[in-house]
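These notes concern the structure reproduced below.
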Amino acid sequence: MSTSPMPRIIATIAFAGLIGAAFYLNKKSVQSNAPLQPTGTPISSAETIARYGLHLTEVSKQSGINYTHTAPQLDPKLEPILPRINDMGAGVAVADFDRDGWQDFYITNSSENSKNHLYRNKGDGTFEEVAEAMGVADLNREGTGTSMGAIWGDFDNDGYEDLLVYKWGKPLLFRNEQGKKFTDVTETANLPKQMNANTAIWMDYDNDGKLDLVLAGYFDEKLDMWNLTDTKIMPDSLEYANNGTNKYLFKGNGDGTFTDVTRQMGLDTKSWTLGIGAADLDGNGYADLFFANDYGINELFLNEEGKRFRDVSKQSGVGQAPKSGMNVSFGDILNDGQFAIYVSNISEEGQLMQGNNLWVPRAGTKPGEIAFDNLANDMGVERGGWSFGAQFADLNNDGNLDIYLVNGYISADPNNSYWYDYGKVAGGNKNIIRDAANWPPIKGRSLSGYQAKRVWLGDGAGKFTEVAQAVGATDRFDGRAIAVADLWNRGVQDVLVVNQKGPFLLYKNEVDPQNHWISFALEGTKTNRSAIGVEVTVYWNGQKQRQVVSGGIGFCAQNDRRLHFGLGKTDQVEKVEIRWSNGTIQTIQSPKVDKVHQVKES
C-alpha cells in the first residue's frame, strides 16, 4: 500500500466494465502493466509443444493480411473522454462464404469512411481481400454510422452464408449470391432504422427451421453519437443501469423479412449489453438466451418451447451481483455433457478486482431447475485483466477445453494512469455520472493498457493453467474480439484476434501430432441450413463432450461453424450423437478420427 499522504478515495465505478470498490492512491500513479518484452530465454516451438501441446506463431503479414483497426471521432463534445467512448468496433466473424471448403473471415472497422474487410482463404496459406469486389467494404460512410461487428447465417436456406453487420447506426443485411457477390437487402428486412448495436447473434428460437436474429447494444438507440443535443449519454446507474439500447428479437420469415417479436417473447429490457449467447441450458430442446451486461447484472432467459422467454437471472445465480459483463461463451469444461458459461469482467491489481465469472452447473440440481455456481477462482480463470473477448477451444487437442482471452482497455502514456481522475466522478450521484461533461479529460493517459493475454489450458477436471507467454501469445495490444477456426484444414484450432486501434493478429497453431481429433461440418434440411443450435456429443475413452453450433459467440465474434473435438492419444471414437433442432437424434457409430465429417440432416 502506498504511503502517499493523499487520502484514499473509495468509489464505485462503472464504464465499459467498471463496477466495484477501487482504491486511488496517487494522482499520477505509474501504469502497472506498461509495455514489456518477454523475459527469459525463449524455448523452441518443439519444446513448447512437448511441454504444453501447442505453439502459436503470429503469421498475419505472411498470410497476406495487413489491417489495423481505426476508431470513430464522434461528436466533438465527447473529445475530452473520447478514448473511453470509441473503445469498441473491432469484430471478426468466420465462415466459408463461397463453399470451397476453406474458412474465410470478415473484419469490421469503425472510423468514418473506413472500409471493412473480407478475407477469402486461397487454400495455400494466404488470404485475398475481396470485400470491395463483393460489395461489403464501404459500410462506414460518414453520416451512416460505423460498424461494431458482424455475424454469418443462411437466413434464406439456400446453402450460402449471408452477412449481418451491426452498427452504431442502421444494421445492414446482405444476401450471399452463391459466393459471387452480396446484395444489400436491408430495406425489405424490417430491421431497426437506428440503434447503437454492439452485439448480435443468429438463432432458431422456435425450431421452425428459419433463422431468427437477436440484437442488443450499448448507448440508447435514440442517440446519434455524431450529433448529440447534450452530453447526458452515460448510464443512469453504475450497478443497475436501464437506459441502454433495447434488445430485439426478430423472427425470421424465411423470405428475407423479419418480424419483431421482442415484447411478446418477454425480452423487454434496456441493459447495456456487450455479449449474447444462445444454447440449451435446461435440456428442453430449445435454445436459451444469456446477456452479458455492463453496469448491471447478467441476464438469463429460459426458452419455454419457443412460446416465451422467462427471466431466471437471479434464481439461477448468474444475476446475483452487478459487474461489467463483456463476453459470454459456453463450454463443456468437465466433459460431462453440461455447458459452463464464461463471462469476462475486470481485474486490476491495486485498483479494482471484479474477477471474471465461470458459471458451472450446480451439482444435484433437480430436473427442470437451473442453477450455477461461480467457480472461476477455484478453477484459476478469474483474473484476466480488463477482459474482453474469450473463447473455449481445445487448443492442443488433448480432449479438454481451454480458454483464450484477450484484454487491455486504453494503452496510451504508460507513465500516467487515469485511474485517480476516474474516481473523482465515479463516486457522484447518477446525475453527475450520466453527464459525460463531468468526466475528467483523459489527456493521453493509460487505463489498464498493455496487458498480457491469457491462455488457460484445461485439464478436464476443473483446473486451468495459464501459459500464454510460454506458447507464443505475447502481444500487448488492446484486444477486443477473438475467434477460433481451422484455417489451414489441419485439424487444429488457429486464433484470430482483432485489437482496438491496433493490428489484426493471426496465430497459426501447431500441436502435438500424437493427439487425435475429429470435426463435424453440419448442414440442416428441416433444421436451418446453417445448423445453428444443433448439438453434437462425442463419446470416447469413457468420456463425452458436448458442443453446439453457434450463430455468434464471445465479444463481437463468430467461430468456425465446424465443431472440433480433440481426443488426446485416443485413436477411436465410440459414437457421436447429433441432436438436430427439431429433436431428431442422429447417431454415428465408430466414425474415423483425424477427419472432418460432412453430415447432412437425414
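Count along the sequence shown from 1, then add 14; that gives the number in our numbering. We put the CB at the ideal spot given by N, CA and C, even for glycine.
Extent of the continuous alpha helix (DSSP H) to which residue i belongs
i	result
Tyr66	Ser59 to Tyr66
Asn445	Lys444 to Arg448
Asn391	Ala390 to Met393
Gln405	Unbroken run through Gln405 is the beta strand (DSSP E), Ser401 to Ala407; no alpha helix (DSSP H).
Gln483	Ala482 to Val485
Same chain, Cβ closer than 7 Å to residue i, neighbours up to 5 away in sequence not counted
i	result
Ile347	Ala354, Leu415 and Gly472
Leu237	Asn210 and Ile247
Val374	Ala354, Phe386, Asp387 and Leu389
Val509	Leu70, Tyr418, Ile496, Val498, Tyr521 and Asn523
Val610	Ser533, Ala535 and Arg576
Phe272	Ala203, Asn204, Leu205, Leu227, Phe264, Lys265 and Gly266
Asp574	Val108, Gln117, Val498, Ala499 and Asp500
Ser327	Ile311, Asn312, Glu313, Leu314 and Gly333
Ser616	Gln600
Val485	Thr62, Tyr66, Leu68, His69, Leu70 and Val469
Asp220	Gly320
Leu372	Ala354, Tyr356, Asn388, Leu389, Ala390, Met393 and Val395
Residue closest to residue i, alpha-carbon to alpha-carbon, out of the options
i	options	result
Tyr262	Leu281, Thr271 and Val512	Leu281
Asp492	Leu501, Arg468, Val498 and Asp500	Arg468
Gln208	Phe233, Pro185, Asn221 and Leu229	Pro185
Ala203	Glu588, Gly159 and Gly268	Gly268
Val275	Lys438, Trp286 and Asn260	Asn260
Gly163	Phe196, Ala104, Asp220 and Lys321	Ala104
Gln572	Leu92, Pro97, Phe119 and Asn80	Phe119
Thr62	Asp526, Gly173, Phe344 and Gln612	Asp526
Gly565	Asp302, His83 and Thr539	Asp302
Leu256	Thr283, Glu235 and Arg277	Per the sequence shown, residue 256 should be read as Asn rather than Leu. Residue Thr283 is the option with its Cα nearest to Asn256.
His530	Gln507, Val512, Ala545 and Asn513	Gln507
Ser431	Ser77, Asn443, Phe406 and Tyr464	Tyr464
Gly399	Asn127, Phe141, Asp392 and Asn421	Asn421
Ala145	Gly258, Phe111 and Ile446	Phe111
Supposed contact pair residue j and residue i - C-beta distance, whole angstroms, cut 8 Å
i	j	result
Asn312	Phe305	6 Å
Leu367	Ser358	Just to set this straight, residue 367 is Met in the shown sequence, not Leu. That pair is no contact at about 14 Å.
Ser58	Ala85	Their Cβ separation, rounded to whole angstroms, is 38 Å, which puts Ser58 and Ala85 out of contact at 8 Å.
Asp412	Gly580	6 Å
Gly270	Trp216	14 Å between Cβ atoms; not a contact.
Asp408	His578	7 Å
Asn349	Gln559	5 Å
Ala222	Gly258	Looking at the sequence itself, residue 222 is Asp, so the reference to Ala does not match. Not a contact, Cβ separation roughly 30 Å.
Residues bridged to residue i (per DSSP)
i	result
Thr71	Lys522
Asn135	Phe141
Tyr262	Leu229
Arg593	Glu549 and Ile599
Val511	Ile496 and Leu519
Asn190	Phe196
Val150	Paired residues: none, contrary to the question.
Tyr418	Gln405 and Val469
His578	Ser533
Tyr356	Ser343 and Leu372
Gln557	Trp554
Met209	Gly183
Val106	Ile121 and Ala571
Ser361	Met367
Phe315	Leu303 and Asp325
Leu461	Ile424
Trp453	DSSP output for Trp453 lists no bridge partner at all.
Trp216	Leu227
Beta-carbon proximity list for residue i, same chain, < 6 Å, skipping 5 on both sides
i	result
Arg593	Glu549 and Ile599
Thr245	Lys91, Asp449, Ala450 and Ala451
Ala487	Leu70, Lys467 and Val469
Gly582	Asp412, Gly413 and Asn529
Glu72	Leu519 and Tyr521
Lys41	Confidence at Lys41 is low in this model, with a pLDDT of 34, below 50, so its placement is unreliable and the value that follows should be read with caution. Answer for Lys41: Tyr434, listed in chain order.
Glu142	Arg134 and Lys136
Lys224	Gly266 and Gly268
Limits of the beta strand (DSSP E) - the one that residue i falls within
i	result
Lys328	First-last for Lys328: Ser327 to Ser330, but that is the alpha helix (DSSP H), not the beta strand (DSSP E).
Gln612	Val610 to Lys614
Asn371	Asn371 to Pro375
Pro428	Asp427 to Ser431
Ala306	Asp302 to Asp308
Arg504	Neither: Arg504 is in no beta strand (DSSP E) and is coded neither H nor E.
Thr287	Trp286 to Ala293
Lys91	Premise fails: Lys91 is in no beta strand (DSSP E) and is neither H nor E.
Ala164	Gly159 to Gly167
Phe272	Phe272 to Asp274
Residue i Cβ short of 7 Å to the ligand FAD heavy atom set
i	result
Met209	In the structure on display, the ligand FAD does not appear, and there are no ligands present to speak of.
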